[in-house]
């Protein structure tokens with residue numbers, strides 16, 4: 454028997470599929486939520502340090518943009534929990550899973566922007582070096598490769614046609 458003959462897919466109802474997908478999504482969101490909440494919490498404290506007043510105008514603008522991105526990422530990544538709570542028992546789980554999945558994807562994009570912006574701010578303050586944009590660009594490419602290119606390649610390479 455070939456692999457194709459053995460692979461028959463899941464025998465599950467739409468509701469069972471939604472339950473499974475919801476469980477998987479919540480596990481993914483837990484990981485991302487932890488990271489974004491720690492980063493956002495740290496960002497909120499920076500403005501209260503003596504060093505903040507010594508930052509140049511550009512660095513303060515980068516900081517404000519970073520905090521706003523972090524707030525938006527936090528909102529998007531906590532959104533699926535609120536969504537689930539508000540629609541629970543309303544027999545809309547498949548639709549809720551789709552909405553929560555989209556919120557999570559947006560949250561990950563915002564988290565990416567927050568992390569890159571944070572890195573830009575820290576490296577500008579720490580080094581004042583012309584290599585900073587190149588380093589940040591390299592890290593951005595790494596994130597894009599890990600978070601999007603590799604998963605999309607795996608999806609293309611291994612997904613059933």
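Numbering (the numbering used here), first residue to last: 454 to 614.
Just so it is clear, CB atoms sit at the ideal spot from N, CA and C, and this is done for glycine as well.
{"Query": "Buried or exposed: which applies to residue 486, given that a residue is buried once 16 or more other Cβ atoms fall within 10 Å of its Cβ?", "Result": "buried"}
{"Query": "What ranges does the alpha helix (DSSP H) occupy inside the stretch 497-556, keeping only unbroken runs of at least 4 residues that lie completely in it?", "Result": "510-540"}
{"Query": "What is the rounded straight-line gap between the Cα of residue 528 and the Cα of residue 555?", "Result": "13 Å"}
{"Query": "Return the CA-CA distance between residue 510 and residue 488, expressed in angstroms with no decimal places.", "Result": "28 Å"}
{"Query": "For residue 552, which of 475, 586, 565 and 606 has the nearest alpha-carbon?", "Result": "475"}
{"Query": "Restricting to Cα atoms, I'd like to know which of 503, 540, 560 and 596 is closest to residue 521.", "Result": "560"}
{"Query": "Does any residue of chain B bring its CB to less than 7 Å from the CB of residue 523?", "Result": "No chain B is present in this structure, which holds just one protein chain."}
{"Query": "How close, in whole Å, do the beta carbons of residue 523 and residue 492 come, if the pair is a contact with beta carbons under 8 Å?", "Result": "6 Å"}
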